[in-house]
Structure formats: structure tokens, C-alpha cells
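Novice: Starting off with a structure, shown below.
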Amino acid sequence: MRDELFIYVIIFSTLFGTITYAAVLVWFERRLLGFWQDRHGPNRVGPFGIGLAFADILKLLSKEDWVPPFSDKFIFIFAPTTVMIAMLMGFAVVPFAPGIYIADLNIALLFFLGMTSLAVYSVLLGGLASRNKYALLGGLRSAAQMVSYEVFMGLSVMGVVMLSGSFSLVDIVNAQQDLWFVVSQFLGFFVFLIAGIAETHRLPFDLPEAEHELVAGFHTEYSGMKFGMFMLGEYLGVILISSIMTTIFFGGWLGPDFLPPIFWFALKTFILICFFVLLRAAIPRPRYDQLMSLGWKVMLPLTLINLMATGGILLWLETLS
Amino acid sequence: MIEAIISQIRTLWTVFLHSFSRPETVQYPEQMPYLAPRYRGRIILTRDPDGVERCVACNLCAVACPVDCIALQKTEDEDGRWYPEFFRINFSRCIMCGFCEEACPTYAIQLTPDFEMCEYDRQNMVYEKEHLLIDGPGKYPDYSFYRVAGKTIGGKDKGEAENEAPPVDVKSLLP
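Here the protein sequences line up with chains A and B, keeping their order. End of the first sequence = 321 in the numbering used here, gap-free, step of one. End of the second sequence = 496 in the numbering used here, gap-free, step of one.
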């Protein structure tokens, strides 16, 4: 079943699908924000305004791609590609439906964590290579943000790993046949959600960007398609985090039988993406010391308690049987 | 801490409830927004009920205008009525503040609920009297300045205006 051609088809459709989805998401997010702010949002270009996504791409592609003469040229060009590549690599382990995945690694979850952590370098290096004080501040904040959430992000999913007994995402989905892990691992889900927002640099944790204070943060000096890649990376990150959250907490492709599994996966991911947009519409941005103290003083202890409780209950159940 | 989280969740819920409320904005070119009758838009010059232009070229509007966009020149007709020889509003400067309307003693200059005055050529933003004058009396249909004012014009002498007593002959000794 999983012959070579099939894998190529999946790889290609994943690449094409996610990038298109990310581009359309730019429009979709603005439309959704519009609805939540009691206005229409962009609805002029094409049906429902969906043509705006393509207009945006066209604009970004045809803009001058300027590399500032004072910047560190190699890193400046390298940074935006990192985020795209890392986020796209993350999709390699996402099981969309039974049999429809690129790779079922036995360390899939770790692979995902590693890839999303690599994406942080893009922000850091972009801010550093720009030689611009706003960009540097953005990069600095990104570093501060990273040291506060990466720890509990990794730990928050360990409860799931304990329950399912595997790092493989396919096994994790299969372990949720009876009960989604969002119920048994609610604390873990809550912490992972917050870490996920911070990971993708989305509002309310878009401190590195913070357009109200830092012009555009780490990508102040970027224009044209290099800026587009940061943007695309961010939206790919949203899709990736949503699909991983679907996979490990909401039962992945599992759902009633009258619709194909991939539909359930898409639906759950879509709802989570909408939730990300809702967060952007509703919640103000904290200061970065506030984010750090939240991470270290609240989220990390919460995760540790969750881990300890999960482990304890598992051991207790073992002694019972 | 718990309070803060609850407050954030309540915020999320409140914003989510907005999915069910109608947009406040209107789809402008297709759907016209409601403009109040006193909306301050394009400036017009009105005529009195007799169909004669109301403007008496007193220059008060030009003086009141904070951006100096009004230019006019007074002249007189054979009846002694004052009227502007030319009346020019540069709408590329006009800020639609309505001070000219407030300053006008004869209700001649009025602002209307119309704002669609875009032009491709900046010169076309300068409106002359023939562009500004309308045929009707605008917001004050019954008002006619010369009918109530004490100024003598052809066909109306002192004391003949509405609510005006005949002038006192100060040289007469009669009580």
C-alpha cells in the first residue's frame, strides 16, 4: 500500500496543500477577525474576497526584494527560509488519516518539537542579521520567549506519551479510541495550547513582532518574498500546531464513521485554527517579563504537577490490575 | 492569577458572541450609508422662495473659513441688491467644518449630505458659482433675506419689510 509513488503523492500534496492553505489563511483570518469585530472584512476580490489571498501573493512576489547594505547578508537571506523549511518539515510526521502520512517515525513527537524549536532560529537570526534596533529587540524578545515556553511545551505532551506509551503520532491517535486525551490530559492541553501560541509567535504572544511598539519587530527590514516567507512560516506554524493539537489531544482522524477520517482531521484542525484567530481578536499582548514569569512560575509547575499526577495514577492503576 | 485567567476566558467568550451580531459597517458603493439631514458635505448656494439667489456677498463665510477656501466678489444689480459677481469654493482645501454655514446671515450657503466629490483632476475640485447654485431654498424653505431686512432695494422701501415698522421721521415735531 505504501509504495514509493504513493509517498511522493502525499509529500507533494502536503507541500502544495499546506502552503496554499497558509496563503488562504491570511485572507481567512482577516475575514474572521472582521466578523468578530462586527465588520465585513475583505470581501471584494472574487467570491467572498478569497481572491485577496492570490492578490497578496502576487503583490509579495512582485515587490522589490531588498537586502539592506548594512545587514549580514547570508544570515539575512538564510533566516526566512529556516522558518518555512522547519515548519514544512514538521508536517512530515502529521498523520492526516490512517495510511495518509509521510512518515510514521517512532520519535514523531520529538521530531515535531525539534522542528518547531528550529523555527525560533529564524526569528532570532532575522532580528540579529538586520542590524536594526527594532529587529534586534524583536529577536531578543523571541529569545526570552523561547527560554520560557520551550521547557513546558516539551513537558506538557509527556503526559500523553505516558498514557499512549509511544512517541509515534499514529500510536497516539490510536490510543484515543475510547477517550480523547483532551479529557484525561486537560492540564497538558491547556499548557500545550499556550506554548503553541508562543511557538508560532501569534497574538497574544507575538512579542517579537509587536507592531505597536517595535515597528514590525524582527522582520522590520524584510520586504518582498522574504517577508512573505516569514508570514507564510507563521501561518504554516498555526496550521502545524493546530494539526498536532488535533492529533495528540483531539483524537486526530477519529470520529463517527459516516464521514471519511481525513474530514474529521480537517474539521478539528479548522476549528482549532479558528480558535487561534479568536485569541488574536480577543486577548491583549503581555509584556515579555510577564510572559516569562507566567511560563516559569505557573506553567512549568502546572506541567510538572500534571506529569506527576499522570505518572502516579498510571502506577496506581498498574498495581490494581 | 485565577481571576486573570477567568477574565481572559470571559473576554474570549464575549468576542465569540460577536459571531452572531450583524456587522456595523455598510457595503458602501452598493449600499449607501444613512447620512443625517444636517450632515456636513458638499457646499451649495441656495435661492430664496422667489428664485433669486440668497447670497448677499457679505464675505462672512470667507472670513469664517479656517482654510480660506472661499473666494467671492461683491457686485450690485440695478435694484440695489447685493450679489456675488463670482463665488468660488476650492473643495480640495475645504474641510467641511460648516463654519461658513454658521456665519452666513442669509442662509445662502449650506452644507448637504453628499460627500461623493472625487475628481481625477485637481482643477475640477474648484467649484464656481454655477456649480454651487441650486434652484431651491435648501433647508430653510420660507426664508427670504430681503423680505425681512431693512435695506432698501428696488420695489421695497424702508419700513416695508415684514415685521418692520415704518421709519420714524426724526425731523418731525409730532409725537
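Each residue gets a CB set at the ideal place from its N, CA and C atoms; glycine is no exception.
A/Leu-214 CB to nearest chain B CB: under 8 Å?
Specialist: No, A/Leu-214 lies away from the interface with chain B (no Cβ there is under 8 Å from its Cβ).
Novice: By the criterion of Cβ-Cβ separation under 9 Å, what are the contact partners of A/Asp-38 in chain B?
Specialist: Correct list: His-339, Ser-342, Arg-343, Pro-344, Glu-345, Thr-346.
Novice: For A/Arg-202, count neighbouring Cβ atoms within 10 angstroms of its own Cβ and tell me buried if that reaches 16, exposed if not.
Specialist: When all chains shown are included, A/Arg-202 counts as buried.
Novice: Verify the CB distance criterion: does B/Gln-352 have a CB-CB separation below 8 Å to chain A?
Specialist: No, its Cβ sits nowhere closer than 8 Å to a Cβ of chain A.
Novice: With a Cβ-Cβ cutoff of 8 Å, do A/Pro-95 and A/Leu-169 count as a contact?
Specialist: Contact flag set, yes.
Novice: Among the candidates B/Phe-466, B/Arg-361, B/Pro-370, B/Ala-392, whose CA atom is the shortest distance from the CA of B/Gly-419?
Specialist: The candidate whose alpha carbon is nearest that of B/Gly-419 is B/Arg-361.
Novice: Return the first residue and the last residue of the alpha helix (DSSP H) that A/Phe-35 is part of.
Specialist: Where A/Phe-35 is concerned, the enclosing alpha helix (DSSP H) stretches over 4-36.
Novice: By the 10 Å Cβ neighbour count, where 16 or more other Cβ atoms means buried, how is A/Pro-42 classified, buried or exposed?
Specialist: Its Cβ being crowded by 16 or more others within 10 Å, A/Pro-42 is buried.
Novice: Taking all protein chains shown into account, do 16 or more other C-beta atoms lie within 10 angstroms of the C-beta of A/Tyr-149, making it buried, or fewer, making it exposed?
Specialist: That one is buried.
Novice: Residues of chain B with CB closer than 7 Å to the CB of A/Val-324, please, in chain order.
Specialist: In the structure displayed, chain A extends from 1 to 321; residue 324 of chain A sits before or after that span and is not available.
Novice: Given this structure, state the Cα-to-Cα distance separating A/Leu-8 from A/Leu-304, to the nearest angstrom.
Specialist: It should be pointed out that residue 8 of chain A corresponds to Tyr in this sequence rather than to Leu. Each residue's Cα considered, the two are about 41 Å apart.
Novice: Please confirm whether A/Leu-278 has its beta-carbon closer than 8 Å to some beta-carbon of chain B.
Specialist: Closer than 8 Å: yes.
Novice: Could you tell me how far apart the beta carbons of B/Ile-410 and B/Val-388 are, in whole angstroms, since I believe they sit closer than 8 Å?
Specialist: Contact doesn't hold; Cβ gap of about 11 Å is too wide.
Novice: Going by DSSP, name the residue or residues bridged to B/Trp-403.
Specialist: Answer is B/Glu-397, bridged to B/Trp-403.
Novice: For the alpha helix (DSSP H) that contains B/Ile-455, what are its first and last residues?
Specialist: Run containing B/Ile-455: none; DSSP gives neither H nor E here.
Novice: So A/Thr-220 and A/Ala-309 are supposed to be a Cβ contact under 8 Å. How far apart are they, rounded?
Specialist: Not quite, the Cβ-Cβ distance comes to about 44 Å (not below 8 Å), so this is no contact.
Novice: Near A/Trp-36, what residues of its chain come up, given a Cβ to Cβ distance below 6 Å and the 5 sequence neighbours on each side ignored?
Specialist: Closer than 6 Å at the Cβ level, and outside the excluded window around A/Trp-36, lie Ala-281.
Novice: So A/Ile-283 contacts chain B; which residues on that side make the cut at Cβ distance below 8 Å?
Specialist: Within chain B, the residues near A/Ile-283 are Gln-329, Thr-332, Leu-333.
Novice: Indicate whether the contact test is met: 3 or more Cβ pairs, each with one atom in the stretch 258-268 of chain A and one in the stretch 15-26 of chain A, closer than 8 Å.
Specialist: Not touching, per the Cβ criterion.
Novice: Pull out every residue of the stretch 4-33 of chain A whose Cβ sits closer than 7 Å to any Cβ of chain B, in chain order.
Specialist: Cβ contacts with chain B: none found.
Novice: So which residues on chain B does A/Phe-35 lean against when the C-beta distance must stay under 7 Å?
Specialist: Those are Ser-340, listed as they occur along chain B.
Novice: Are there 16 or more other CB atoms within 10 angstroms of the CB of A/Lys-226, so buried, or fewer, so exposed?
Specialist: A/Lys-226 should be labelled buried.
Novice: Closest Cβ-Cβ distance between B/Val-336 and chain C: below 8 Å?
Specialist: Among the protein chains in the structure shown, which are A and B, there is no chain C.
Novice: Whose C-beta lies closer than 6 Å to the C-beta of B/Met-427 among residues of the same chain, with five residues either side of it excluded?
Specialist: Residue identity check: residue 427 of chain B is Thr in the sequence provided, not Met. Cβ neighbours of B/Thr-427 beyond the five flanking positions: Arg-375, Val-377, Phe-466.
Novice: Report all residues from its chain with a CB closer than 7 Å to the CB of A/Pro-98; omit the five preceding and five following residues, and keep chain order.
Specialist: Closer than 7 Å at Cβ, skipping near neighbours: Trp-253, Pro-261.
Novice: Are the CB atoms of A/Ser-242 and A/Leu-272 nearer to each other than 8 Å?
Specialist: Yes.
Novice: Is it a yes or a no for the stretch 345-365 of chain B touching the stretch 395-406 of chain B, going by three-plus beta-carbon pairs under 8 Å?
Specialist: Short answer: they don't touch.
Novice: Give a yes or no on contact between the stretch 273-292 of chain A and the stretch 332-339 of chain B, applying the rule of three or more CB pairs nearer than 8 Å.
Specialist: Cβ pair count under 8 Å is three or more, so yes.
Novice: Please state whether DSSP places B/Arg-409 in a helix, a strand or coil.
Specialist: Strand, per DSSP.
Novice: Relative to the ligand SAM, is the shortest distance from any of its heavy atoms to the C-beta of A/Gly-251 smaller than 7 Å?
Specialist: Among the components modelled here there is no ligand, and therefore nothing to report on the ligand SAM.
Novice: Whether or not the stretch 173-191 of chain A and the stretch 143-158 of chain A are in contact is what I'm after, with contact meaning three or more pairs of Cβ atoms, one per stretch, closer than 8 Å; do they touch?
Specialist: Judged by Cβ distances under 8 Å, the stretch 143-158 of chain A makes contact with the stretch 173-191 of chain A, as three or more pairs qualify.
Novice: Between the Cα of A/Leu-314 and those of A/Ala-55, A/Leu-118, A/Gln-185, spot the shortest distance and give me the residue it belongs to.
Specialist: Among A/Ala-55, A/Leu-118, A/Gln-185, the Cα nearest to that of A/Leu-314 belongs to A/Gln-185.
Novice: Short check: CB of A/Val-67 to CB of A/Phe-230, under 8 Å?
Specialist: Cβ distance not < 8 Å, so A/Val-67 and A/Phe-230 don't count as in contact.
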